[in-house]
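Peer 1: The structure's right below; bear with me while I get my questions together.
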Amino acid sequence: TVYHGGKSIGTMKVTRKQSGGKVVRELKTDTDANIMVASIHAESELSVLSDDEVLTMGIAYRYGNHGANDIHANIVRLGSKYQVERNGVVVNIDVPKIEFCMVDMYFKEPKGLTQVYSSMHGDFLPVKKLSETQYEVGFPGGNTTIYIYKRGEIDAVESNLSFGKIISKRTW
């Protein structure tokens, strides 16, 4: 469940499906909130495919009303590099393999990592360990998200945005 100001504003669903060495991880959000005088709707979806723990392809989109920056992005591994398309702009990332993506944060702690690949942003983002159970990811524009773990599993995600804090709480 996703919260703003203590009120439920939407849902987040994270799934993982495995077949042999291939793993598909998906994250979907759908939120509606009244912030000040505006009714804000935002939705996002991302899906990544890994083969033997190496990212092979991924897609991501984000839509929001009221002038939010809509994003349409995809990534595909081409030999020893990746091709990224984000909102129609194509770039190459010269890394032999990507082994940890943002969606992985929902399945395991980023122990020992200093960056994580974001399919949504088409780039690596910095990761900072705050405590034994908390990690902060920094985003372009200055927003941050804190991932909180309990017994090695994700428990909550706190996104610090320009209009306030959004909290996604895991429900078992």
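In terms of this note's numbering, the sequence shown is numbered consecutively and its last residue is 598. Quick reminder that beta carbons are idealized off the backbone N, C-alpha and C, glycines included.
One question on the structure: do E579 and E525 come within less than 7 Å of each other, judged by their Cβ atoms?
Peer 2: Their beta carbons are not under 7 Å apart, which means E579 does not touch E525 by this criterion.
Peer 1: List the endpoints of the continuous beta strand (DSSP E) containing S506.
Peer 2: S506 -> no beta strand (DSSP E), and no H or E assigned at all.
Peer 1: Examine the Cβ distances between the region 556-574 and the region 498-512 and report whether three or more of them are shorter than 8 Å.
Peer 2: no
Peer 1: Below 8 Å on the Cβ atoms is my contact criterion, and I expect G564 with V510 to pass it. Report the Cβ-Cβ distance as a whole number of Å.
Peer 2: At roughly 19 Å, the Cβ-Cβ gap does not stay under 8 Å, so G564 and V510 are not in contact.
Peer 1: State the DSSP-derived secondary structure class of D478, mapped to helix, strand or coil.
Peer 2: coil
Peer 1: How many whole angstroms separate the CB atoms of T427 and T540, which I take to be in contact at a CB cut-off of 8 Å?
Peer 2: Incorrect: roughly 31 Å between the Cβ atoms, too far for contact.
Peer 1: So the beta strand (DSSP E) N586 belongs to, where does it begin and stop?
Peer 2: E579 to L587
Peer 1: To the nearest angstrom, how far is the alpha carbon of I593 from that of Q444?
Peer 2: 28 Å
Peer 1: For Y532, which beta-bridge partners are listed by DSSP?
Peer 2: Y532 is not bridged to any residue.
Peer 1: At what residues does the beta strand (DSSP E) containing L539 begin and finish?
Peer 2: First-last for L539: undefined, no H or E at that position.
Peer 1: To which residues of the same chain is K439 closer than 6 Å at the C-beta, ignoring the five residues directly before and after it?
Peer 2: K454
Peer 1: State the Cα-Cα distance for the pair S506 and D520, rounded to the nearest angstrom.
Peer 2: Approximately 7 Å, taken between the alpha carbons.
Peer 1: Which one or two residues does DSSP pair with T441 in a beta bridge?
Peer 2: E452
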